[in-house]
Amino acid sequence: NAGVTQTPKFRILKIGQSMTLQCTQDMNHNYMYWYRQDPGMGLKLIYYSVGAGITDKGEVPNGYNVSRSTTEDFPLRLELAAPSQTSVYFCASSYLQNRGETQYFGPGTRLLVL
Amino acid sequence: AQSVTQPDIHITVSEGASLELRCNYSYGATPYLFWYVQSPGQGLQLLLKYFSGDTLVQGIKGFEAEFKRSQSSFNLRKPSVHWSDAAEYFCAVTLTGGGNKLTFGTGTQLKVEL
């Protein structure tokens, strides 16, 4: 199994540009998450989804949008890129949403906004 | 506010030496605690987790962690470090009522000297 895959691996954006970070999992997990990791900081939750068609905000949702049209895919959209969105973005998934359920992480997308 | 603290930003140990990475939490109720490892260019991988029961938990790659309620700590240990253990280590919790949303510490970067 590929697990959780993310594309692209690295991207440079200009301020004001938009882009979509792709995330796909092949484990038939219902629950998916987007985190961002800033230098010297832990990961912070941006958005999460409990199933196709259902999404909710995490701790730092401003400047981002998500959609979940299928179980497998959970893209993250940046509409107007800002330097503050320079970060490493991780997608994760879990089978259940119970506390303690293992989350499986993708390799990350490194984004630089200039 | 609930929080997870990893007091050591960087730690350097010699190969074969023992390792202890510290994690403290500030949380009123019983936490669910996790340790994740992030190797360079990789996503996060779960090392171990604690919910209840035996306070010493065993994980993958020879790691273990001990939950000490009196000290609000969940320190990660390994008796003999290998060069391949060089990575960043994150402590995390899930909170009551928060489903499976992880709150991460800021991470500890481990360097292994040969």
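Protein sequence lines, in the order shown, are assigned to chains A and B.
The first sequence begins at -12 in the working numbering and counts up one residue at a time.
The second sequence begins at 4 in the working numbering and counts up one residue at a time.
Each residue gets a CB set at the ideal place from its N, CA and C atoms; glycine is no exception.
Since this is a predicted model, take the numbers as computed values, not measurements.
Kindly indicate if chain A contains any beta-carbon less than 9 Å away from that of residue i.
{"i": "Lys52/B", "result": "yes"}
{"i": "Ile12/B", "result": "yes"}
{"i": "Leu117/B", "result": "no"}
{"i": "Lys114/B", "result": "no"}
{"i": "Gly56/B", "result": "no"}
{"i": "Phe93/B", "result": "yes"}
{"i": "Gly19/B", "result": "no"}
{"i": "Leu49/B", "result": "yes"}
{"i": "Val7/B", "result": "yes"}
{"i": "Lys104/B", "result": "yes"}
{"i": "Thr15/B", "result": "no"}
For residue i, tell me which candidate among the options has the shortest Cα-Cα distance.
{"i": "Glu46/A", "options": "Thr(-6)/A, Tyr34/A and Thr96/A", "result": "Tyr34/A"}
{"i": "Leu32/A", "options": "Leu67/A, Val53/A and Ala(-11)/A", "result": "Val53/A"}
{"i": "Ser73/B", "options": "Thr33/B, Ile14/B and Ser17/B", "result": "Thr33/B"}
{"i": "Glu69/B", "options": "Leu24/B, Ala90/B and Gly108/B", "result": "Leu24/B"}
{"i": "Asn49/A", "options": "Leu101/A, Cys10/A, His16/A and Ala68/A", "result": "Ala68/A"}
{"i": "Asn15/A", "options": "Leu101/A, Ser80/A and Val100/A", "result": "Ser80/A"}
{"i": "Ala20/B", "options": "Val96/B, His85/B, Thr97/B and Leu98/B", "result": "His85/B"}
{"i": "Val96/B", "options": "Trp38/B, Val60/B and Gly62/B", "result": "Trp38/B"}
{"i": "Thr58/A", "options": "Ile2/A, Asp13/A and Leu0/A", "result": "Asp13/A"}
{"i": "Tyr35/B", "options": "Gln9/B, Thr58/B and Lys81/B", "result": "Thr58/B"}
{"i": "Gly56/B", "options": "Lys71/B, Pro43/B and Ile63/B", "result": "Lys71/B"}
{"i": "Cys10/A", "options": "Leu101/A, Thr73/A and Ser56/A", "result": "Ser56/A"}
{"i": "Asp60/A", "options": "Tyr22/A, Val100/A and Cys78/A", "result": "Cys78/A"}
{"i": "Ser87/B", "options": "Thr8/B, Glu18/B and Tyr28/B", "result": "Glu18/B"}
Using a Cβ cut-off of 9 Å (strictly closer), state whether residue i contacts chain B.
{"i": "Tyr51/A", "result": "no"}
{"i": "Lys83/A", "result": "Lys is not the amino acid found at residue 83/A; the sequence shown has Leu there. Closer than 9 Å: yes."}
{"i": "Gln90/A", "result": "yes"}
{"i": "Val47/A", "result": "no"}
{"i": "Leu63/A", "result": "no"}
{"i": "Pro94/A", "result": "yes"}
{"i": "Gly87/A", "result": "yes"}
{"i": "Gly27/A", "result": "yes"}
{"i": "Ala39/A", "result": "no"}
{"i": "Ala(-11)/A", "result": "no"}
{"i": "Leu32/A", "result": "yes"}
Could you round the C-beta distance between residue i and residue j to whole angstroms and report it? I think they count as a contact, below 8 Å.
{"i": "Phe93/B", "j": "Gln41/B", "result": "7 Å"}
{"i": "Thr106/B", "j": "Gln5/B", "result": "7 Å"}
{"i": "Gly95/A", "j": "Gly108/B", "result": "Not confirmed; about 18 Å, so no contact."}
{"i": "Leu15/B", "j": "Glu91/B", "result": "This sequence places Thr at residue 15/B; Leu is not what is there. Between Glu91/B and Thr15/B the Cβ distance is about 13 Å, and since that is not below 8 Å, they are no contact."}
Can residue i and residue j be called in contact, C-beta distance under 9 Å?
{"i": "Asn78/B", "j": "Gly87/A", "result": "no"}
{"i": "Tyr20/A", "j": "Tyr82/A", "result": "no"}
{"i": "Tyr76/A", "j": "Gln4/A", "result": "no"}
{"i": "Arg97/A", "j": "Thr7/A", "result": "no"}
{"i": "Leu47/B", "j": "Phe92/A", "result": "yes"}
{"i": "Thr(-8)/A", "j": "Leu49/B", "result": "no"}
{"i": "Ala89/B", "j": "Leu51/B", "result": "no"}
{"i": "Gly40/A", "j": "Ile12/B", "result": "no"}
{"i": "Ser76/B", "j": "Gly65/B", "result": "no"}
{"i": "Phe98/B", "j": "Tyr30/B", "result": "Per the sequence presented here, residue 98/B reads as Leu, with Phe not at that position. Yes; because the gap between Cβ atoms is below 9 Å, this pair is in contact."}
{"i": "Pro70/A", "j": "Ile2/A", "result": "yes"}
Kindly examine the ligand NAD and report whether one of its heavy atoms sits closer than 8 Å to the Cβ of residue i.
{"i": "Val96/B", "result": "With respect to the ligand NAD, the structure shown offers nothing to examine, as it has no ligands at all."}
(Q) My parser needs the beta strand (DSSP E) runs of 3 or more residues fully inside the region 72 to 103 of chain B; what are they? (A) 76 to 81 and 90 to 97
Q | Start-end ranges of the alpha helix (DSSP H) lying completely within the region 14 to 60 of chain B, minimum 4 residues | A | none
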